[in-house]
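What follows is a short report on a single structure.
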Amino acid sequence: MRLPPEKNHAKKAQQLLNFYAREWKFKIALIALLRIASFCMVAVQLYFLARILTLIVGQVNTAGLLSPVIWLFLFGSGRTLISYFSDVMAARLTELSVAEFRIRIIARLNAKSKHRKHAGITAGLALEMMSEADAIGLYYTRYLPQVIQCLAIPFITISYIAWINWLPAILILLTAPVIPVFMVIIGKGTETKSRAQWQTLSLLSNYFLDRLRGITTLSLFNRIDTEVSLIGRSSEIYAQRVMEVLKTAFLSSAVIDFFTAVAIAGVAIYTGLNLVGYIHLGPASAFTLQRSLVILLLVPEFFNALKKLGVIYHDRAQAIGAVMHFQAYDLLKENSSFPLPSGRDSRPGQDAEVTAPVIMFQKVTFGYVPGQKVLNDITFSILPGEKIWITGENGAGKTTVLSLLMRWLTPVAGSIQLNRQPLGEMREQDLYRLVSWVGPHAALFTGSIRSNILMGTEKSDAYLYENILPQVSLAERINNMPRGLDTLVAEDGKCLSGGERQKIALARALVKNAKILLLDEPLTHLDGTSAAELIGMLEQTTQSMTVIITGHGARYEAFKGYRKINL
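Numbering (UniProt numbering), first residue to last: 1 to 567.
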């Protein structure tokens, strides 16, 4: 039978969670075993507690109480130590699993987002990456160990109670199945509501960020009050989603508590009536005060394991909802391997000197949509040190050529080679050591001008002032700033002009000492003066580099000295 799409997605999410559980199966099992051992300590404590109460009722002298009190203390201390080690292991596994999931998701985002047109990195995705990874971590450290406990602890408890008196064990077994049945029924509803909660929060975050970015436009059209009202309404919807999840969780807890109370009351009534002699059911030898107390003290522990699973079952629902959300963005796959950080230092400037390669496009075809080709069977070659101007109308595929060369996109047909080596066979570190890319809106990061130029490369300020900054006409400008290279750059470089942004991006490429410089429509967002400065700088600073520029229009005629490739 074919599952409905929603159930099918939930099933795949569950399979994915179990697939990754293999990495930590021994730690999960050890956490569960430690908690089972802790329960065994509790059971022994309850035995000695029942013994102490029986002796007190029997008016035994203080000396007779000493031995069980000591044993009670020793087993209590042992339980505390075991619980401590279990909690420490769980905390470390939570930290490890959350960190690894974040690394995997960031790696996947990085692979999907290098081409700006396909970035898709929104406030919603950032929120999912941080918050939902936490929910996934709890699945491994709370839910899975509790499942193992839920199988072992009730079995141990019911076996011990049945050894003392089989009739209370039967009463408990008749009541116990009701709890997991209701737990599953209510938990299924929690999954759906949990997914709705995350989706609402994601949409609200994206909506708020979108309006924040366009606040100037909203002000010009007198839409501020309207948008504030809409954000307020959206927040109320999110609050309702949260309350629905909490309501379901409270309902689940109330149902479990009710049936637990019924079972405990039934056992207590049966035991009490037998002790006072009103009824005579079950083995007569079992009805000593001590054994009756042991049974009454153990019954809540039997149901506590099921209750904890009922509470923690919501962790499973949250984790499945999180994984389904990630799968919707193609951020998690069962059979994919994500690039994880290696010990190798791949910072620019750390490897042996390399030379500019020969670039060859051979019958390359590419389309973003099946059946619609942006590039069709194009062939050209570029020699080391050549200056290339790729031109064509909007949509002709100029940026696509650079994206293919950066390996952000993969050709549908044909091949791209560097020094006759297929581009797809090159290591990413080797490719990026060769190439620098400057887009129409250079990416800058919050931090100092120095950190934005160096990007982790170890170069002195003297080197920058002597070899880099004069070439891009930034030396005097930075000298005039109160803090020089320590001047802070605002988010996304908003404190700098378009020309200054491009100069910093070009300085970054020069520091990297790349052999191929790709400039995607570098003049598009510059005024005439800044454009003329950039053209002059390129002539002076890129003589030994292979330069590929894309762009069309009158101002790009300044590159008519470059070899022209028309698309």
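Every residue gets a Cβ at the ideal spot worked out from N, C-alpha and C, and that includes glycine.
Kindly indicate which residue of the options has the alpha-carbon position closest to the one of residue i.
| i | options | result |
| --- | --- | --- |
| Leu-30 | Tyr-463, Gln-146, Thr-157 | Gln-146 |
| Ile-549 | Met-89, Gly-392, Arg-79 | Gly-392 |
| Lys-307 | Ala-261, Tyr-47, Cys-40 | Ala-261 |
| Tyr-465 | Trp-437, Ala-442, Ala-507, Gly-439 | Ala-507 |
| Ser-473 | Lys-387, Ile-161, Met-537 | Met-537 |
| Ile-148 | Leu-409, Tyr-313, Phe-250, Arg-223 | Tyr-313 |
| Tyr-139 | Ala-43, Asn-18, Ile-215 | Asn-18 |
| Ser-86 | Thr-141, Arg-291, Gly-58 | Thr-141 |
| Tyr-207 | Gly-232, Asn-222, Ala-196 | Gly-232 |
| Val-42 | Thr-80, Val-358, Ala-413, Asp-134 | Thr-80 |
| Leu-434 | Phe-445, Met-406, Gly-414, Thr-379 | Met-406 |
| Ile-136 | Phe-326, Ile-449, Met-360, Leu-496 | Phe-326 |
| Pro-440 | Arg-291, Trp-408, Pro-168, Leu-523 | Leu-523 |
| Val-181 | Ile-256, Ser-205, Leu-34 | Ile-256 |
| Asn-376 | Val-412, Val-358, Thr-226 | Val-412 |
| Ser-38 | Ala-152, Ile-264, Asp-134, Pro-168 | Ala-152 |
| Ala-505 | Met-455, Arg-483, Asp-527 | Met-455 |
| Glu-227 | Ser-292, Ile-237, Tyr-143, Asp-210 | Asp-210 |
| Thr-457 | Lys-512, Ile-170, Leu-309 | Lys-512 |
| Leu-246 | Leu-72, Gln-318, Gly-447, Arg-450 | Gln-318 |
| Leu-485 | Ile-449, Ala-514, Lys-503 | Ile-449 |
| Ala-265 | Phe-73, Ile-416, Leu-409, Phe-303 | Phe-303 |
Taking its Cβ as the centre, do 16 or more other Cβ atoms sit within 10 Å of residue i, making it buried, or is it exposed?
| i | result |
| --- | --- |
| Ala-356 | buried |
| Gly-553 | exposed |
| residue 583 | Residue numbering for the chain in the displayed model covers 1 to 567; residue 583 lies beyond these limits and cannot be assessed. |
| Leu-469 | buried |
| Ala-352 | Below a pLDDT of 50, predicted positions are generally treated as unreliable, and Ala-352, at 44, falls in that range; the measurement from the model is reported next regardless. So Ala-352 ends up on the exposed side. |
| Thr-248 | buried |
| Gly-551 | buried |
| Ile-164 | buried |
| Phe-258 | exposed |
| Arg-420 | exposed |
| Leu-275 | exposed |
| Arg-344 | Unreliable placement is indicated for Arg-344, whose pLDDT of 41 sits below 50; the coordinate value is still reported in the next sentence. With fewer than 16 Cβ atoms within 10 Å of its Cβ, Arg-344 is classed as exposed. |
| Asn-335 | Because the pLDDT at Asn-335 is just 49, under 50, the model does not fix this residue reliably, and the value given afterwards should be weighed accordingly. It counts as exposed. |
| residue 583 | Outside the displayed range of the chain (1 to 567) lies residue 583, so it cannot be described from this structure. |
| Leu-488 | exposed |
| Asn-566 | exposed |
| Pro-339 | Here the model assigns Pro-339 a pLDDT of 42, short of 50, so the residue's position is not dependable and the matter cannot be decided. |
| Leu-212 | exposed |
| Gly-64 | exposed |
| Asn-452 | buried |
| Gly-395 | exposed |
| Gly-397 | buried |
| Trp-389 | buried |
| Asp-527 | exposed |
| Ile-105 | buried |
| Val-88 | exposed |
What does DSSP give as the partner residues of residue i in its beta bridges?
| i | result |
| --- | --- |
| Lys-564 | Trp-389 |
| Trp-437 | Leu-518 |
| Val-364 | Ile-378 |
| Gln-372 | Val-369 |
| Leu-488 | Ser-448 |
| Val-547 | Lys-387, Leu-517 |
| Ile-359 | Ile-382, Leu-418 |
Are three or more beta carbon pairs between the stretch 365-383 and the stretch 531-540 nearer than 8 Å? In short, these stretches do not touch, since the Cβ pair count stays below three.
For the stretch 413-433 and the stretch 469-479, state whether three or more C-beta atom pairs, one from each stretch, are separated by less than 8 Å. By the Cβ criterion, the stretch 413-433 is not in contact with the stretch 469-479, since fewer than three pairs of Cβ atoms, one from each stretch, lie closer than 8 Å.
Going residue by residue through the stretch 387-421, where are the continuous alpha helix (DSSP H) segments of at least 4 residues, counting only ones entirely within it? Correct list: 398-405.
Does the stretch 61-75 come within contact of the stretch 45-52, defined as at least 3 CB pairs closer than 8 Å? Output reads yes: the stretch 45-52 touches the stretch 61-75.
Are three or more beta carbon pairs between the stretch 157-169 and the stretch 285-300 nearer than 8 Å? A contact between stretches requires three or more CB pairs, one per stretch, nearer than 8 Å, and the stretch 157-169 meets this requirement with the stretch 285-300.
Can you list, in chain order, the stretches of the beta strand (DSSP E) that have 3 or more residues and sit fully within the stretch 258-304? Annotation note: the stretch 258-304 contains no uninterrupted beta strand (DSSP E) run of length 3 or greater.
I'd like to know if the stretch 93-101 and the stretch 12-32 are in contact, where contact means that at least 3 CB-CB pairs between them fall below 8 Å. Between the stretch 93-101 and the stretch 12-32, the count of Cβ pairs shorter than 8 Å is three or higher; the stretches touch.
Would you call the stretch 441-461 in contact with the stretch 538-547, where contact means no fewer than 3 C-beta pairs closer than 8 Å? The stretch 441-461 makes no contact with the stretch 538-547: fewer than 3 CB pairs, one atom from each, lie closer than 8 Å.
Evaluate contact between the stretch 313-322 and the stretch 382-390, counting only Cβ atoms and requiring at least three cross-stretch pairs below 8 Å. Contact between the stretch 313-322 and the stretch 382-390 is absent, because fewer than three Cβ pairs lie under 8 Å.
Assess contact between the stretch 395-402 and the stretch 508-524, defined as three or more Cβ pairs (one per stretch) separated by less than 8 Å. Is contact present? The count of Cβ pairs closer than 8 Å, one atom from the stretch 395-402 and one from the stretch 508-524, reaches three, so the stretches are in contact.
Curious, which full-length alpha helix (DSSP H) runs of at least 4 residues does the stretch 54-114 contain? Counting whole runs of 4 or more residues, the stretch 54-114 contains the alpha helix (DSSP H) stretches 62-113.
Give the list of continuous alpha helix (DSSP H) stretches no shorter than 4 residues that lie fully inside the stretch 141-178. For the alpha helix (DSSP H) assignment, the uninterrupted runs of no fewer than 4 residues enclosed by the stretch 141-178 are, from N- to C-terminal side, 144-164, 166-175.
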